[in-house]
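These notes concern the structure reproduced below.
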Amino acid sequence: MTDTDTLIKNKDIAVDSGGRYIHISGDDEILQQAFFKISAKFAGFVYNRELGCELNKVDFDDENFQEKVNLIMSQALADFPTVTAKVLALRKPKFSIRLICNESVREEIINTDDYL
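The UniProt record's numbering puts the sequence shown at residues 1 to 116.
This is the structure we're talking about:
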């Protein structure tokens with residue numbers, strides 16, 4: 001099998017209709033790694049203190065919240081030059097983002113309460 005990673009969706013391992021893990025590779029794998037970097041609190045992962053994003057430093061009520069989050073995500077994704085991230089919608093305490101890598105797209109929801 002050439003697949004190299006298992007799809008994580010809604011904070012859990014994704015399975016197909018037969019209960020088998022869904023494997024991903026290539027751009028989809030890169031998008032998943034980029035999402036992990038964005039969705040983890042910076043320095044919150046004991047095995048890699050460089051993993052994560054400082055989204056907890058942005059006040060959801062700030063009128064420039066969306067622009068600030070886009071900037072923070074861009075900085076966090078410096079190691080992923082083929083990936084772009086953009087905030088799509090805001091609904092406190094959550095916001096949705098779109099990640100793009102070449103022709104692959106992944107949309108996710110981030111809950112700011114997870115960063116407290």
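Quick reminder that beta carbons are idealized off the backbone N, C-alpha and C, glycines included.
Self-check item: Distance, Y21 Cα to T6 Cα
Solution: Indexing the sequence shown from 1 puts residue 6 at position 6. Indexing the sequence shown from 1 puts residue 21 at position 21. One C-alpha to the other measures close to 7 angstroms.
**Report entry** Limits of the unbroken beta strand (DSSP E) element including residue 119
**Finding:** Look at the range of the chain in this structure, 1 to 116, and you will see that residue 119 is not part of it.
Which of the three DSSP states, helix, strand or coil, is assigned to T4? Residue 4 sits at position 4 when you count from the first residue of the sequence shown. It is coil, neither helix nor strand.
**Item:** Pair within 8 angstroms by beta-carbon distance, T82 and C101
**Value:** Translated into positions along the sequence shown, residue 82 becomes position 82. Translated into positions along the sequence shown, residue 101 becomes position 101. Result yes, Cβ atoms of T82 and C101 sit closer than 8 angstroms.
To which residues of the same chain is K68 closer than 7 angstroms at the C-beta, ignoring the five residues directly before and after it?
-> The residue given as residue 68 occupies position 68 in the sequence shown. The answer, listed in chain order, is V58, D62.
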